[in-house]
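Here the structure comes first, spelled out in structure tokens, and everything after it is commentary.
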Amino acid sequence: MAAQIELFSCLKDNFGVLIHDPASGATASVDAPEAAPVEAALAKTGWRLTDILVTHHHADHTQGIGELKARHKCRVVAPRNEAARIANVDQTAGEGDSVGVGALKAHVIDTPGHTAGHISYFFPADKLAFVGDTLFSIGCGRVIEGNPQMMWRSLVKLRELPDDTAFYCGHEYTAANIRFAKTIEPNNKALAARAVEVAKLTAAGKFTIPATIGAEKAANPFLRADNAELAQSLGLAGSPAWQVFAEIRKRKDRF
Ligand SMILES: [Zn+2]
């Protein structure tokens, strides 16, 4: 049976998201920015929390874990390479591991750069990816603990997922990301189309995600650092893609 998703907002601009297996009744919260909105989403759907799948150690992704675990006795799965920095972890996971949510199976992908041990969860049967703060729609996470080479490699791994994969990220930053992306690729038609779509969604009070990997590849400058025209427009023709990525990230940090 197909996975069901419940998406909601947490804190200032974080997303909360539940993935539910209707066959077994299992439900995972991807990260736990705060407990109350997760509880509200569980009450609304009638789902029972069985798992928390953590993408990285930052407080705005983990601070609800303790309260949720105490109440629901759920299993907490966290990135192997930074599990020591996360409380209440039951199981660790890293590249190549499989994590089940009832009958749903996620492949774990190491996506370091934003944090040193960041992981993403890909559910191939449903073509759903939960990418935390590695990839945002029309943006990417700040490179805080890793380096640009590492972050670029992580983004390429996510870019290699099937085009029709719907991805869920950690923050609603899309409109601001589009304002920046237009300074990098002012003539990108896919980006212009995404801008129109996002303006409509925002005006209607709707979330701008999920987006698909295929659409994102065409419009997100951070996934396009190996595009020759883009490199040339930044004065970096012939440079390695990670250096082009580093330049785009540097400009975004100052934007
Ligand atoms: Zn983060």
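So the sequence shown is residues 361 to 615, counted in our numbering. Even glycine gets a Cβ: it sits at the ideal position worked out from N, Cα and C.
Starting from residue i, follow the alpha helix (DSSP H) in both directions and report where the run begins and ends.
i    : result
T543 : T534 to I544
I608 : A601 to R614
T405 : A395 to T405
K517 : P508 to R519
D420 : A419 to T422
L561 : K549 to A563
E589 : A588 to S593
So what does residue i bridge to, in DSSP terms?
i    : result
E366 : L378
F496 : G499
C529 : G492
D411 : A388 and R435
T452 : A438
Since residue i is in the beta strand (DSSP E), which residue starts that stretch and which ends it?
i    : result
G460 : S458 to V461
I573 : It is not in any beta strand (DSSP E) - I573 instead sits in the alpha helix (DSSP H) that spans I573 to A579.
P439 : R435 to P439
K465 : L464 to D470
I479 : I479 to F483
Find the nearest neighbour of residue i within the set the options, judged by alpha-carbon distance.
i    : options                   : result
F605 : R513, A571 and I469       : R513
A453 : K465, R445, P439 and A466 : P439
E505 : V516, D493, I498 and S497 : D493
P397 : T568, L561, L594 and S369 : S369
T405 : L515, H417 and A388       : A388
V461 : A363, L561, A601 and Q603 : A363
A489 : N374, D613 and I569       : I569
T422 : T410, E394, C434 and D457 : E394
A535 : A552, T525 and N587       : A552
Starting from the C-beta of residue i, find all residues in its chain whose C-beta is less than 6 Å away, skip the five residues before and the five after it, and write them out in chain order.
i    : result
V377 : L367, V390 and Y528
N448 : I425, G426, K429 and V436
E455 : D470
Keeping to the same chain, check which residues put their C-beta closer than 7 Å to that of residue i; ignore five residues upstream and five downstream.
i    : result
L583 : L515, R519, E576 and K577
W407 : L378, H380 and T387
A591 : A597, S599 and V604
H417 : E442, R445, I446 and T475
D420 : L371, N374 and P393
V459 : L413, V437, A453, A466, V468 and Y481
What does a CB cutoff of less than 8 Å around residue i pick up in its chain, not counting 5 residues either side in sequence?
i    : result
R609 : C500, R502, V503, P508, M511 and F582
Using a Cβ-Cβ cut-off of 8 Å, state whether residue i counts as contacting chain B.
i    : result
H531 : Checking the listed chains, one finds no chain B in this structure; it contains a single protein chain.
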